[in-house]
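Q: Here it is, the structure, as structure tokens.
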Amino acid sequence: MPTFTVVPVEDVEDGSNSGAAAGGNRPISLGKIFSEEQEADSSEDPFSGDDNRRESSAFINPDMDTETYYEGKNMALFEEEMDSTPMVSSFLNKLANYTNLTQGVREHEEAEDGVRRAAVMVPHMGTFIGVYLPCMQNILGVILFLRLTWIVGTAGILGSFAIVSMCCICTLLTAISMSAIATNGVVPAGGSYYMISRSLGPEFGGAVGLCLYLGTTFAGSLYILGTIEILLLYIIPPEKVVKETTANDMRIYGTCCLLLMALVVFVGVKYVNKLALVFLSCVVLSIMATYAGAIKTAIKPSNFSVCLLGNRTLKNEMFEKCAKTDVELWNLFCDSPYPNATCDEYFALNNLTEIQATPGVLGEVINDNLWGNYGPDNMVIEKKNLSSVPAEANNDKLKNYVFNDWATYFTLLVGIYFPSVTGIMAGSNRSGDLRDAQRSIPIGTILAILTTSFIYISFVVLFGACIEGVVLRDKFGFSVKTKPVISILAWPSPWVIVIGSFFSCCGAGLQSLTGAPRLLQAIARDGIIPFLQVFGHGKANGEPTWALLLTVGICEIGILIASLDHVAPILSMFFLMCYLFVNLACAVQTLLCTPNWRPRFKFYHWTLSFLGMSLCLSLMFISSWIYALVVIVIAGCIYKYIEYKGAVKEWGDGIRGLSLNAARYALIRLEEAPLHTKNWRPQLLVLCKLNSDLEVTHPRLLSFATQLKAGKGLTIVCSVLEGTYMTRGDDAKKGEQNLKAAMAAEKTKGFSHVVVSSSLRDGFSILIQSAGLGGMKHNAVLMAWPTGWKQNRDSSARRNFIETVRETTSAHQALLVAKNIDHFPGNQERLKEGTIDVWWIVHDGGLLMLLPFLLSQHKVWRKCKMRIFTVAQMDDNSIQMKKDLQMFLYQLRLNAVVEVVEMHDSDISAFTYEKTLVMEQRSQMLKQMQLSRTEREREAQLIHDRNTASHSAANDKAAGATSDRVHMTWTKDKLQNERNKHKENMAVKDMFNMKPNHSNVRRMHTAVKLNEVVVKKSCNSELVLLNMPGPPKNKKGDENYMEFLEVLMEGLDRVLLVRGGGREVITIYS
């Protein structure tokens, strides 16, 4: 036995040191063993770090040349398996060098700098920089600075607390689900789209990925509209480009801002990334200034005041002093500056009151702001506890008051607020840049959500406690000299909020225009949506140029809406849809308990995921049920499109596992009770024949199966190859692929399988016995009539067919045999007229009645009428039979023309006698004479011709002379090899003296007479369905059985022989 020496291996950098020798053997370290392979890999594959790895492989970069590598090593026992199962040390080495940076990222940065960087194998970003800060920057944004005060003033402290709590809990539950998914293995760059698509499959992944892309794109519109709102209202004087409406100002300036940002993103992404810290600093400074201002206000109120006329809030941007003596204020309500001027009635009857905008933390302010103040559009904002004298409204003077620009209600505020909590996936989108993504993503994301939730809730309390209610309900700050309401609480200056929020919105807009095209590029490169493939291309450095152009176009749609409040609910819908499926993915994976579901993050449960999913769905319909339905329809259309035309991807997703579990459950339930007659439908086992090229010989057999099934029920298409699986395994796989291709061409929905067996008979027997699974087993067999059974050199075709009939009968399965299957109509044909004739000879379960109805459901046979023929004997009352059959069809709800055919007893004709005799002579001859295959056919044809010419001469004394005139075509060698020549000659002579069996004569008589009637009545029909008689119990009569069937179908084009399975398949009951 070989001797193995175990030596310690030092963990040196180059891995080239070896241990000391032991005896005559020199032990070799594993580092040296694999050093040659690592050098070969590094020289052959210089770009092994990019994204060109195979996702379906269980190992990373498994393909390597190991044929000569292990020669002389101590692993000879495993050397033949090294191609598929590499050494553990080699696997761990390649795992350590694994990188998940997306292709083109490094090249893009190098192209911008013009400098080739050294490869960095280990990302360097930690939890704080890589996850926490990006999530904070994406969560805190435009809604916080421009709309949160208005939401608090409108919904009240309690209503705002409910809104913030619902949205924050929703994102927290989603973050928990996302953390479980993100820690279940390595997440390559691609973030949430990658997690959803690989967890729920390409259909859900593509639909949700596009929803996430549209949400990110509309987020860019939201931030740009916020930027322009800050710019036009609070930074520059209100000099409008278009004089009519402010909406046109938003459109013009917003379009210019969008083009400028797109240009920045196109020129250099690195500048956007470098400015991200600056933008985040602006957000942090603004928040700190707000907290500082709240503390200062509690000590000393600010100088901002609000002017009220009666209890109505005035816009104080047009006057300086809140007094009727102020000329500017007087001119707003009076027609002249003189004391005797005619003034507005409400102005004349009510006094002016000036109150502090931020009176400090007072109980009175909290009480006023505790409950909501909803109202219709154009309603003037009034202070509740301040009295006023009512007067007739003057619409011309309403523009001087602060009023609601649109109707407010709770669900509207939910849709506007929700975008302020999005951005929780910023960390997962950077998974390729993290040092330890499985640790950083859960901790950083959850900490960011908790931090921002605290900020939002504390701001709700601070706003409600420190700012006057009429000011909070002033959306644009017209009552405080046109300043953001949040800015009057800031310290040391309101400009800190104005400038900070402006740069924050600019940075968020740039980040959206940077991330959305890359997300679209990732979806396009996956190839799951064919029409998006053009957006997977870009510049040589990887920049998604075409995706950026599409993003700019979609973003422009949001800008043309020209209202931040209208864009926010749209954005909420897309993100809620994405979060819903993140929770669904986690719940599905948890409930399925798949072996690969082993997340490192343990603080999750499927109930939390379902709660998050339900909350997401509820928030969608709470925000806007119309938008929710539109987004669901969009996602559904994308799902069906990918399902119909998308590329086939197998990602080991949870939906496939869910389908397997559902299928297993359904199969078990199906076996619990026998199938009821009302639920019976043909579950087909289609026996196909493959030619020498492994192509389907009769593709119309698949077409007929499609027409019969209409895509419903079970269809198993099978074939048998003769041989052993070891030698014909590749042929079996190729044949199965050809079967699938033929099924796709004929639109046959079902399963395909090719079996390799020692004989065709055994293969067919195995398929009939074992095809299907559990309750989903076939109950009917469909096959083509063996047309060339007479011309075959051996009798295998005949024997296989008859044994198939016997086995289906024993298995209580129906049998459908199609004659001239190649003449049947294809799926593209349409039979404009004609009939489907059913010849109901014996009742074997009603399958003959059901098949024409099923065929008429298909568009090929839809216009064909159904006719049912039955045969009456001499002692039958044909008139009563017709009435009974019509009533039976009426109760079966079948529309068909009924006709009763009378077959009178008649003498057996000479033709029938002669035909039976020829059949028996041919069978006897083939048994007695051991001729070659070609000689059998010649002798049988000669005997047939001779006896057809003169049957009477076969029974007289000249039989011997007649037989002497039969010239045998045996060769000389064959004659010499015959051992019993005299006995055989005597057997041939006896064969011509034989008389036909009486039973066979009767059967032939029935076949001939029935064929005459069928041909007469149904020669022009599109399809004829006949009862198929069973084979004789005594196998000695098998040779004659095929002749009977041939005679029965003679002269008919399309025939379907039907043999029932011995159970009722149709019922008159509901």
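Using this note's numbering, read the sequence shown as starting at 235 and increasing by one per residue. Every residue gets a Cβ at the ideal spot worked out from N, C-alpha and C, and that includes glycine.
Excluding the five sequence neighbours on either side, which residues of its own chain have a C-beta within less than 6 Å of the C-beta of R546, listed in chain order?
A: Cβ within range, chain order: V614, E616, Y635.
Q: Ends of the alpha helix (DSSP H) at V598?
A: Here residue 598 is Glu; the residue named in the question, Val, does not match the sequence. E598 -> alpha helix (DSSP H) spans 597 to 603.
Q: Hey, could you find the ends of the beta strand (DSSP E) T587 is sitting in?
A: First-last of the beta strand (DSSP E) with T587: 586 to 590.
Q: Got a sec, what are the start and stop residues for the beta strand (DSSP E) S991 sits in?
A: Looking at the DSSP string, the run of the beta strand (DSSP E) that includes S991 is 985 to 991.
Q: Please report how far the alpha carbon of G594 lies from the alpha carbon of V704, in whole angstroms.
A: The alpha-carbon atoms of G594 and V704 are separated by roughly 15 Å.
Q: Would you call the stretch 554 to 561 in contact with the stretch 718 to 738, where contact means no fewer than 3 C-beta pairs closer than 8 Å?
A: Contact between the stretch 554 to 561 and the stretch 718 to 738 is absent, because fewer than three Cβ pairs lie under 8 Å.
Q: Whose C-beta lies closer than 6 Å to the C-beta of Q672 among residues of the same chain, with five residues either side of it excluded?
A: Contacts found: T417, R834.
Q: By a C-beta neighbour count over all protein chains shown, 10 Å radius and 16 as the cutoff for buried, is C952 buried or exposed?
A: Answer is buried; the Cβ neighbour count reaches 16.
Q: Where in the stretch 1051 to 1120 do unbroken runs of the alpha helix (DSSP H), each at least 4 residues long, occur, reported from the N-terminal end onward?
A: Counting only runs of 4 or more, we get 1081 to 1090.
Q: Counting Cβ pairs, one atom from each stretch, are 3 or more of them under 8 Å apart for the stretch 491 to 502 and the stretch 520 to 528?
A: No: the two stretches stay apart, fewer than three of their Cβ pairs being nearer than 8 Å.
Q: Please tell me whether K968 and L928 are closer than 8 Å, where the distance is taken between their beta carbons.
A: It is a contact, given that the beta carbons lie within the stated cut-off.
Q: Fully enclosed by the stretch 495 to 575, which alpha helix (DSSP H) runs are 4 residues long or longer?
A: Listed in chain order, they are 503 to 533, 561 to 567.
Q: Can you give, in chain order, each stretch of the alpha helix (DSSP H) that sits fully within the stretch 640 to 723 and has at least 4 residues?
A: Complete alpha helix (DSSP H) runs here, min 4: 644 to 651, 660 to 663, 671 to 700, 703 to 706.
Q: Which two residues bound the contiguous alpha helix (DSSP H) that contains I950?
A: Here I950 belongs to no alpha helix (DSSP H); instead the beta strand (DSSP E) covers 949 to 956.
Q: Under a Cβ-count criterion, where at least 16 other Cβ atoms within 10 Å of its own Cβ denotes burial, should Y468 be classed as buried or exposed?
A: So Y468 ends up on the buried side.
Q: When you compare only the Cα positions, how much space is there between K631 and N565?
A: Computed Cα separation, rounded: 11 Å.
Q: If you draw a straight line from the C-alpha of N628 to the C-alpha of G544, how long is it?
A: Roughly 15 Å between the two C-alpha positions.
Q: Less than 8 Å between the C-beta atoms of F938 and I1055, yes or no?
A: The answer is yes: Cβ separation under 8 Å.
Q: Can you check DSSP and say which residues form a bridge with F637?
A: Paired residues: V614.
Q: Quick check: L994 and V930, are their CB atoms within less than 8 Å of each other?
A: No. Outside cutoff.
Q: Which runs of the alpha helix (DSSP H), 4 residues or longer, sit entirely within the stretch 1005 to 1046?
A: Qualifying alpha helix (DSSP H) stretches, in chain order: 1030 to 1044.
Q: Tell me which residues share the same chain as M744 and place their Cβ nearer than 7 Å to its Cβ, disregarding the 5 neighbours each side in the sequence.
A: The identity of residue 744 in the sequence shown is Leu, whereas the question assumes Met. Same-chain partners within the cutoff: M495, V498, V499, V506.
Q: Residues in the same chain with beta-carbon distance under 6 Å from L810, minus the five sequence neighbours each way, listed in chain order, please.
A: Correct list, in chain order: C850, L853, M854.
Q: Within a Cβ cutoff of 6 Å, which residues of the same chain sit near S1255, ignoring the five residues on either side of it in sequence?
A: T1069, D1071, listed in sequence order.
Q: For A625, name the three-state secondary structure that DSSP assigns.
A: Here A625 sits in coil by DSSP.
Q: Does the beta-carbon distance from N537 to S713 come in below 8 Å?
A: In this structure, S713 does not lie closer than 8 Å to N537 by Cβ.
Q: Grab me the residues of Q917's own chain with a C-beta within less than 6 Å of its C-beta, minus the 5 sequence neighbours each way, in chain order.
A: Counting only Cβ-Cβ distances below 6 Å, and skipping sequence neighbours, we find G947, L948, H1012, N1013.
Q: For L467, report the span of its beta strand (DSSP E) as first-last.
A: Careful: L467 lies outside any beta strand (DSSP E) and carries neither H nor E.
Q: Determine the DSSP secondary structure at C491, reduced to helix, strand or coil.
A: C491 falls in the helix class under three-state DSSP.
Q: Give the C-beta separation of V661 and T645 to the nearest angstrom, bearing in mind that I take them to be a contact with Cβ-Cβ under 8 Å.
A: Note on identity: in this sequence residue 661 is Gly, with Val being the wrong assignment. That belief does not hold up - the Cβ atoms of G661 and T645 are roughly 30 Å apart, past 8 Å.
Q: On a CA-only basis, which of P1265, L1244, F844, P829 is nearest M1283? Give me that one, please.
A: If we check each option's Cα against that of M1283, L1244 comes out closest.
Q: Are there 16 or more other CB atoms within 10 angstroms of the CB of Y427, so buried, or fewer, so exposed?
A: So Y427 ends up on the buried side.
Q: Which value, in whole angstroms, describes the spacing of the CA atoms of M180 and P728?
A: Residue 180 cannot be examined here, being either before or after the span of the chain that is shown, 235 to 1304.
Q: Let me check understanding here. Comparing Cα to Cα, which of S806, G984, F998, R1101 lies closest to T1042?
A: Closest option to T1042, Cα to Cα, is F998.
Q: Taking L1084 as the reference, give the member of K1024, A966, K943, D996 with the closest Cα.
A: Cα-wise, what sits closest to L1084 is K943.
Q: So, at 6 Å on beta carbons, what are the nonlocal neighbours of T405 in its own chain, with the 5 sequence-adjacent residues on each side left out?
A: For T405, where only same-chain residues beyond five positions count, the Cβ hits under 6 Å are V655, I658, I683.
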